[in-house]
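Some notes on the structure that comes next.
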Amino acid sequence: AQSVTQPDIHITVSEGASLELRCNYSYGATPYLFWYVQSPGQGLQLLLKYFSGDTLVQGIKGFEAEFKRSQSSFNLRKPSVHWSDAAEYFCAVGAPAGGGSQGNLIFGKGTKLSVKP
Amino acid sequence: ETGVTQTPRHLVMGMTNKKSLKCEQHLGHNAMYWYKQSAKKPLELMFVYSLEERVENNSVPSRFSPECPNSSHLFLHLHTLQPEDSALYLCASSQVVSTGALYEQYFGPGTRLTVT
């Protein structure tokens, strides 16, 4: 069965500092991986996705993520955090429809990011 | 309107009320989803409609009843809810092909439901 672990519930970084949010997944084949961001009172916005190919994926708002098969990880990074990045971040894994999969996404519990001035 | 919209944004209802949540997607997608988001719990998938047919119901209590009249609209009918049903209810849509592909889901802003 697919699963996603985000080990950090809450992270605080200083504005301008670099950021790395961790995500580990469990899936038997090459997964489809996603990072979403949720601002307070809002829905989830897609930051980036990995389906295949280059393991370093660029997303919106200056975020990137790297797929590492050997570590079953898909960590999210940003070189310099802005105060507006304060939000909750969700990693998700999915499998293509077919072969018993409905093509749904499994979400992690999220990591809340606080940014201090 | 663009993307995925949800109404109402906030809803307070008593345990004996009947209400409905509405979701509309303007993306031309053919699959729609209802999720429940509670504090300190991961997103819970409640219902999936693909090509207007319900394909998954993750053991959701019968007091929640979904309806998908066409590929652009999704409803969640609520009746005799419990206080523990208070949560943010999120709607999402995606493009789904029958096999071999998975596409990202696009989310609406959610309806904040409070059951008193």
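From first to last, the protein sequence lines are chains A and B. Number 86 in my numbering belongs to position 86 of the first sequence; there are no gaps in the numbering. Position in the second sequence (first residue = 1) + 1000 = my numbering. Beta carbons are placed, not taken as given, at the ideal position from N, Cα and C, and that holds for glycine. Just so you know, these numbers come straight off a predicted model, no measurement behind them.
Contacts with chain B (Cβ-Cβ distance below 9 Å) from the segment 38–64 of chain A involve Gln38, Gly41, Gln42, Gly43, Leu44, Gln45, Leu46, Lys49, Phe51, listed in chain order.
Cβ neighbours of A:Ala29 within its own chain (closer than 8 Å, five residues either side excluded): Ala95. Per DSSP, the unbroken beta strand (DSSP E) holding B:Tyr1035 starts and ends at 1031–1037. In the DSSP annotation of this structure, the continuous segment of the beta strand (DSSP E) that includes B:Met1013 starts and ends at 1010–1013. Bounds of any beta strand (DSSP E) do not take in B:Thr1080, whose DSSP letter is neither H nor E. A direct Cα-Cα distance of roughly 15 Å separates A:Ser114 from A:Arg77.
Only residues of its own chain outside the window of five on either side were considered, and among them Leu47, Leu48 have a CB closer than 6 Å to the CB of A:Gly59, listed in chain order. Residue-level contact by beta carbon fails for B:Val1012 and chain A, as no gap is shorter than 8 Å. One alpha carbon belongs to B:Phe1047, the other to B:Ser1065, and they sit about 9 Å apart. In summary, the residues of the segment 1046–1067 of chain B whose CB is separated from some CB of chain A by less than 9 Å are Val1048, Ser1050, Val1055, Glu1056, in the order they occur in the chain.
In the three-state scheme derived from DSSP, where H, G and I count as helix and E and B as strand, B:Lys1041 is classed as coil.
At least one CB atom of chain A sits nearer than 8 Å to the CB of B:Gly1108. Secondary structure of A:Lys61 (DSSP, three-state): helix.
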